[in-house]
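Residue numbers (numbering that gives the first Met the number 0), protein chains in the order written: chain A, 0 to 380; chain B, 0 to 380; chain C, 0 to 380; chain D, 0 to 380. Built from N, CA and C at the ideal position, the CB exists for glycine as well.
Protein chains: 4
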Amino acid sequence: MTEFHTSTAEGLISNFYNTYDLEEMAQKVMPKGAFGYVASGAGDMFTLRENIRSFEHKLIVPHALKDVEKPDVSTTFDGNQLTSPMIMAPIAAHKLANERGELASAEGVHRYNTIYSISSYSSFDLPDVTKALQGTPEWFQFYYSKDDGINRHIMDRVKEQGIKAIILTADATVSGNRETDARNGFTFPVGMPIVEEYLAQQTGESLKSIYGSAKQKLSTKDVENIASYSGLPVYVKGVESPEDVEPLLAAGASGIWVSNHGGRQLDSGPASFDSLSLISKAVDKRVPIVFDSGIRRGQHVFKALASGADLVAVGRPAIYGLALGGAIGVEQVFNQLTAELEIVMQLAGTQTIADIKNFDLRDNPYDPGVLSNDPARLKLY
Amino acid sequence: MTEFHTSTAEGLISNFYNTYDLEEMAQKVMPKGAFGYVASGAGDMFTLRENIRSFEHKLIVPHALKDVEKPDVSTTFDGNQLTSPMIMAPIAAHKLANERGELASAEGVHRYNTIYSISSYSSFDLPDVTKALQGTPEWFQFYYSKDDGINRHIMDRVKEQGIKAIILTADATVSGNRETDARNGFTFPVGMPIVEEYLAQQTGESLKSIYGSAKQKLSTKDVENIASYSGLPVYVKGVESPEDVEPLLAAGASGIWVSNHGGRQLDSGPASFDSLSLISKAVDKRVPIVFDSGIRRGQHVFKALASGADLVAVGRPAIYGLALGGAIGVEQVFNQLTAELEIVMQLAGTQTIADIKNFDLRDNPYDPGVLSNDPARLKLY
Amino acid sequence: MTEFHTSTAEGLISNFYNTYDLEEMAQKVMPKGAFGYVASGAGDMFTLRENIRSFEHKLIVPHALKDVEKPDVSTTFDGNQLTSPMIMAPIAAHKLANERGELASAEGVHRYNTIYSISSYSSFDLPDVTKALQGTPEWFQFYYSKDDGINRHIMDRVKEQGIKAIILTADATVSGNRETDARNGFTFPVGMPIVEEYLAQQTGESLKSIYGSAKQKLSTKDVENIASYSGLPVYVKGVESPEDVEPLLAAGASGIWVSNHGGRQLDSGPASFDSLSLISKAVDKRVPIVFDSGIRRGQHVFKALASGADLVAVGRPAIYGLALGGAIGVEQVFNQLTAELEIVMQLAGTQTIADIKNFDLRDNPYDPGVLSNDPARLKLY
Amino acid sequence: MTEFHTSTAEGLISNFYNTYDLEEMAQKVMPKGAFGYVASGAGDMFTLRENIRSFEHKLIVPHALKDVEKPDVSTTFDGNQLTSPMIMAPIAAHKLANERGELASAEGVHRYNTIYSISSYSSFDLPDVTKALQGTPEWFQFYYSKDDGINRHIMDRVKEQGIKAIILTADATVSGNRETDARNGFTFPVGMPIVEEYLAQQTGESLKSIYGSAKQKLSTKDVENIASYSGLPVYVKGVESPEDVEPLLAAGASGIWVSNHGGRQLDSGPASFDSLSLISKAVDKRVPIVFDSGIRRGQHVFKALASGADLVAVGRPAIYGLALGGAIGVEQVFNQLTAELEIVMQLAGTQTIADIKNFDLRDNPYDPGVLSNDPARLKLY
């Protein structure tokens, strides 16, 4: 295994105007395989595309003269005052994007002040990341081992760090069909200390072998076990079917995380946003809903909240910010989305996050046509 | 601030066949930042595109042998005989397009004989524009100040000019997310004498700072205040939600102006034309409806009138006409759209504007496919 | 007026595989203005595109094992045995495509054996065309003059030729917005002897001035007048609204011709094929229905017949055949469409034209996506 | 007739990541005419495109935590244990793709262990192919002769080989409108020994003349005759209309094969997948359903099974595998689709083929937009 080097950027990113720009810019500073791993999706990348396109299936009809000024994006969740309902999505191996990896992203999230989700496949170990967070609320995304001893050991360590919730990944019991990774011959050039007990080797593993090392045969029983052993709230991530809600709540899930893993796992499934209102109806406010997959704009955040989400997780854009500006870059991405959200709130006639949650979107019966993030159109003039 | 120079064109524009041509031609004679400001939209420019595409959601089914000849586009509005129901939309800073700015556009509108809307952000002062209009009906688009004294002062001046109505802009309490302007580093290189009392500097301000100087916290109370202080009819501009109609009428609005600000403010909202029939149903003929956002063709005017509009405001095309031909160019744009409208009226089987208003459009259940104003298709043969 | 020269081709066209090919090939042998006049449509050419795209709104679901062999395309209409229900659409000035103009197209139609529609704007006079037809049934497309004396004179001449029906053009009381013609500065370089009495000059007139010379103020009264003076069946061409059917039948129309003039007149109206079943329901078999606008394939003919048409008129493809192969070329185009139709009939499980008329198409709820006649796709392999 | 040479490849194909890649790669190793014959479709290739696009009309919504591990793709059909429900579709003249033709494809299918369908137009004779199959179940696709004696002779030979079922091709009584073949001047450069009795010449025939030599006037009576003479189950292939099911079952069909011949026969008909659930409802589990036309992905197999198919036939991809890797290549294609299917099963929450059959797909009300197999998108990163 040759040494791996990626971006060491730290500082304000200049000349970007939206998160689409960041993808183009990050492609230039990250190694090809690492960038391909982050940016691509599974199979035909249908679900990846639909994740973004689907936001145009519902429209924000502005309300006139609603007495709004300086809209307030802040929210309180589980006793924590957050800058906004946007949180950091769990993502493997931040070292792919920046040498300082999770240390920098945690620092950036601390600066912005929101929930940080650390992946089991973090490239830094739990205590280091927790330290970098300086008290910012931290959640742990669990890739469950086949070995219950290892699972208990990991949970013990998680609790030691004061982590506030466990996210059980339900949509990744095997690797999605990541053709980009296959074409690029991508394997992880960085280690994953949290799960080193169940990995065959320290670096050079493919996602397929890593996911293969985790437990495939997950069931609602695992929710019960995690909840009872850890005593922590368990969020089940990767829920898209309303029928799954009842059994998950019965098993003790403390929250439902609507996601299709950013279009990286099961291709040919629905856009995450298209599933959100169905899930929201099934949950009926009994537990919080977290949403991810496709967030690139402030208006996407608005639409997700108006469709039932309580928190909205940001993934790829934050990683591009990390590649381009380290901790500062991560904070800047959240600030950019926040600034966009504030404009939308003001123009839509909503003063608070609660107003957004009560906002009725209009169904768009028409095809959205071209992809909105087509660079040729965005830079037309 | 370096000096700003733009087109000084005055005279007939040659070699244009529709208003799409004008956009391409104007791009060549206007400074990049100024053109970008006029042509672009907010965010993904989804709403900008939909504004035009949406006209194909309804179809004009021609009626055969309806005894039509030389259809009559004239209309009477508020006691004024107008050449057609097409009026001049309020647009900031006409000097961006032509050194003679609002003086020339007012002259052009006078030649055509229709209502002229002057923006608070006009690059010429009220008396000069009123004079150029030579008695043509004039409406004033109000960007309300935070300072009530300034508001009253502006209304006093408006009334002095004999202006016939006030348009309260409801959809622009902050600047939309104008990425083109950001990319171009655009700030206004021209002054705005009407609102100079509430602007920080005479030139070099961004739209964001200008809109920020105006009042954010607008409410229906402001409609009441403007109506009562000015004694003039108040048109609320930027209405897209049918639920907003009742409170606005209760507050004393004399007309509803359906608009999304040409796709320049809240991106991800519906096409203005898609909202028009919903608003029209809610208004139910109690007050007049003005429509703008997306008008590029005579058939668009026809469809807007058939969907409930009483007046149809033309924006960007008139500004392109101004850039390319001054007063004559502005008149020519209105004449071009009029000529197109007359063909549509004759072929659809409608003799008068009243016939159009009674005309039933057919819903198009199919996706319109490619954008109609794709130059590659329009110049195919 | 400089002399006009166009194709003098006569003989079998080689290397074409469908009628789309012919358009590309004809563009090479016809003068630019003449080709543009034939190929283009009005305005945005939305209706032109939809005319072809719309055929994919309904699908032919084949029926298995229906005992079909050598399907029979022949039909009897008004006592005439025709090779197929495909007839020649009325089109102005065939000399634009071939020096032998209507003489050659008439000869081609005679060879194929079907109804020939001669336009008032034919570039050869009535007796010459009738002679070239050698007894093949002929219909006359009437562009009605403002002068009733001229109309009667034309009808007298029509009757002298033994013409069997009059087609009253209802959708062209003024010229559609033909931007291609305007861009090309196209005027007719050939004369129109049938209507020379009401044209200002023999050649060099624009379509706008020609249509302007004809009568604008057409009404159902004109149907009555033509029927009563000529004693011939009157087909009203350009009907797209079901509401128009009843008044037309009451006025004595002997047939309804569903058409939007090939997308050349009112742009922004529906595809002709999308209107056909609505009209068919309104007509309810009381009179025959002729259909045109968009026929490029045998399957289009099949779908039109299955949607209520009794005859299907072929326009542009025949003119391209004329340009590329004279009389033989025209016949070849009809033969090509016939061969395609026969394949469709055999594979769909329909032995006769009557079987097609009883065939149920399946609605296609999905967007047809790309234009089927995209050359890049048709020549992919 | 000049000698014909094609690929002689035998061995593992490298550097392909999905079956779309194979099409691009096969184009490089097969003669142009042969490749065009295999890859292209009829007419506008609308149905060809829709065959693939249509899979996005239904979506796989994954179910969370369903206790799945190492999903089992195996199935039992008619007493045979098969590796998966994927079988080899009947395709003419495998020698076009590989010198070893059906001998190699049979060997590949034997290695994979599934049903092999041999075409009447096989380029190797029945006994040779049967021998290469080494006991793997074999079905015979019958192109019925006009001559009943020949038909009986062929059936005698079929029975001698121990073939287990006869597939009666209902959708190819004449050749579809194969323009690619016409453009390429393609005729079969290889012989077809099984039907040599009814072909005019050994090589150099067009598909049109070959299909023309077979019987056109097929009816349900032929199903009865084949079933009664052969004593074998008869599968009717090319069924898309639910109304056809009842008569076919009444005539003794033992199975319904939903297919549009890969978009090669009747263009302008529905995607095969769009017909599948309609047929499935009509069949109501009385007989097995085989599905083909458009299978390129494991997820397509999943969706077909969930929509009522019992077996799913793979056509073009297997032929590309044959061209690129002989027997090994064919096996590899089945393995590739199997691997994709296993990922989908695991992620969707389905342990067995029976689970897939009970799986509810979600209707996708939105247009799938761009073709998923657009290489520019698939190789984006």
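CB contact flag (residue i, residue j, <9 Å)
i              : j              : result
residue 259(C) : residue 270(C) : yes
residue 179(A) : residue 35(A)  : yes
residue 45(B)  : residue 267(B) : yes
residue 206(D) : residue 177(D) : yes
residue 262(B) : residue 293(B) : yes
residue 63(C)  : residue 237(D) : yes
residue 190(D) : residue 201(D) : yes
residue 340(B) : residue 144(B) : no
residue 297(C) : residue 296(B) : no
residue 324(C) : residue 9(C)   : yes
residue 300(C) : residue 274(C) : no
residue 319(A) : residue 33(A)  : no
For residue j and residue i, believed in contact at Cβ under 8 Å, the rounded distance
i              : j              : result
residue 6(A)   : residue 322(A) : 5 Å
residue 86(A)  : residue 113(A) : 5 Å
residue 61(D)  : residue 347(D) : 5 Å
residue 127(D) : residue 95(D)  : Rounded, the Cβ-Cβ distance is 17 Å, inconsistent with contact.
residue 334(D) : residue 111(D) : 7 Å
residue 67(C)  : residue 349(C) : 7 Å
residue 245(D) : residue 107(D) : The pair is not a contact, with the Cβ atoms about 38 Å apart (cut-off 8 Å).
residue 328(C) : residue 264(C) : Wrong, their Cβ atoms sit about 27 Å apart, outside the cutoff.
Residue i (DSSP reduced to helix, strand or coil)
i              : result
residue 59(B)  : coil
residue 257(D) : strand
residue 191(A) : coil
residue 361(C) : strand
residue 166(D) : strand
residue 352(B) : helix
residue 142(C) : coil
residue 69(B)  : coil
residue 237(C) : strand
residue 119(D) : coil
residue 183(B) : helix
Option in the options with minimal Cα separation from residue i
i              : options                           : result
residue 281(C) : 255(C), 301(C) and 232(C)         : 255(C)
residue 235(D) : 363(D), 349(D), 229(D) and 169(D) : 169(D)
residue 233(A) : 242(A), 246(A) and 222(A)         : 222(A)
residue 58(C)  : 141(C), 272(C), 160(C) and 279(C) : 272(C)
residue 194(D) : 336(D), 230(D), 125(D) and 26(D)  : 125(D)
residue 163(D) : 115(D), 173(D) and 191(D)         : 115(D)
residue 224(B) : 188(B), 167(B), 277(B) and 264(B) : 167(B)
residue 217(B) : 134(B), 147(B), 284(B) and 298(B) : 147(B)
Min CB distance residue i to chain E below 9 Å
i              : result
residue 246(C) : No chain E is present in this structure, whose protein chains are A, B, C and D.
Any non-hydrogen atom of the ligand MN closer than 8 Å to residue i Cβ
i             : result
residue 16(D) : In the structure on display, the ligand MN does not appear, and there are no ligands present to speak of.
Touch check for the region 84-94 of chain D and the region 120-132 of chain D: three-plus C-beta pairs under 8 Å?
Output reads yes: the region 120-132 of chain D touches the region 84-94 of chain D.
Any contact of the region 155-163 of chain B with the region 15-25 of chain B, i.e. 3+ C-beta pairs under 8 Å?
Judged by Cβ distances under 8 Å, the region 155-163 of chain B makes no contact with the region 15-25 of chain B, as fewer than three pairs qualify.
Between the region 270-289 of chain A and the region 298-311 of chain A, do three or more beta carbon pairs fall short of 8 Å?
Taking a cut-off of 8 Å for Cβ pairs, the region 270-289 of chain A and the region 298-311 of chain A touch, as three or more such pairs fall below it.
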